[in-house]
Amino acid sequence: MPLDASHKFLTTSTCVWANRTTPRASTGQTPYSLVYGCEAVLPIEAQVPIARNRTFDQNAINLSYDLDALEELREKALRTMAAQKGIVERHFNKKIKAKIFQVGDYVLRHVFQNTQESNAGKLSIKWEGPYIISKVVGNGAYRLTTMEGMEIPRSWNAHHLKRYYF
153 MPLDASHKFL TTSTCVWANR TTPRASTGQT PYSLVYGCEA VLPIEAQVPI ARNRTFDQNA
213 INLSYDLDAL EELREKALRT MAAQKGIVER HFNKKIKAKI FQVGDYVLRH VFQNTQESNA
273 GKLSIKWEGP YIISKVVGNG AYRLTTMEGM EIPRSWNAHH LKRYYF
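Numbering of the sequence shown is given in the working numbering, commencing with residue 153 and proceeding in unit increments.
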């Protein structure tokens, strides 16, 4: 059943509000508090009288104090994000296995869509070769030659090569 325009706005605004008021693991803060320096007022709090609404003047003074601490809060969130990035980086690097080839090793080269035969289907070959590593360019890049000794025009990353065993 399609939503009319008014219901769609309510659903969208509720989702956006929920997204802005949910604390993020990377910063430890809500996006709303990082932008405005205070926590968002719940829609129900705007309708029902609570302590924050009753002491409006005191709340305004507290907000001015919170604005002074806002820069410190943002710096703390930045440090938390940097720490989170380091954790993700260590986790990713733990799983990486470096492919290291020596000059003279036999390898297969990955077949890309532009080098594949035009009528090749899903059962076409995925690796072509064998090729011989002729030069180590650096940082996982290698120059290849065919078995006949013809030089392949560009260097290839180790990610697109796999060892070939006779």
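We treat Cβ as the ideally placed atom computed from N, Cα and C, and that holds for glycine. From a predicted model like this one, the values you see are computed outputs, not experimental measurements.
Compute the beta-carbon to beta-carbon distance between residue i and residue j, rounded to the nearest angstrom, for a pair I have assumed lies under 8 Å.
| i | j | result |
| --- | --- | --- |
| residue 304 | residue 296 | 4 Å |
| residue 226 | residue 186 | 6 Å |
| residue 222 | residue 189 | 4 Å |
Can you name, in chain order, every residue of its own chain whose Cβ lies under 8 Å from the Cβ of residue i, other than the five neighbours on each side?
| i | result |
| --- | --- |
| residue 278 | 262 and 263 |
| residue 310 | 250, 251, 252, 253, 292, 293 and 294 |
| residue 298 | 283, 284 and 304 |
| residue 318 | 258 |
| residue 269 | 276 |
Ignore the nearest five residues each way along the sequence and tell me which others in residue i's own chain have a CB closer than 6 Å to its CB.
| i | result |
| --- | --- |
| residue 153 | Only weak support exists for where residue 153 lies, its pLDDT of 47 falling under 50; the coordinates are left without a value. |
| residue 192 | 173 and 184 |
| residue 287 | 295 |
| residue 237 | none |
| residue 219 | 189 |
| residue 165 | none |
Quick check on the burial criterion: 16 or more other C-beta atoms within 10 angstroms. Buried or exposed for residue i?
| i | result |
| --- | --- |
| residue 289 | exposed |
| residue 239 | exposed |
| residue 213 | exposed |
| residue 179 | buried |
| residue 248 | exposed |
| residue 255 | exposed |
| residue 168 | exposed |
| residue 217 | exposed |
| residue 283 | buried |
For residue i, name the three-state secondary structure that DSSP assigns.
| i | result |
| --- | --- |
| residue 245 | helix |
| residue 216 | helix |
| residue 176 | coil |
| residue 319 | Shown here, the chain extends from 153 to 318; a query on residue 319 therefore has no answer. |
| residue 231 | helix |
| residue 259 | strand |
| residue 293 | strand |
| residue 285 | strand |
| residue 278 | coil |
| residue 314 | strand |
| residue 309 | strand |
Sorted by chain position, which residues of the same chain lie with C-beta nearer than 7 Å to residue i's C-beta, five sequence neighbours on each side aside?
| i | result |
| --- | --- |
| residue 181 | 175, 225 and 229 |
| residue 257 | 285 and 315 |
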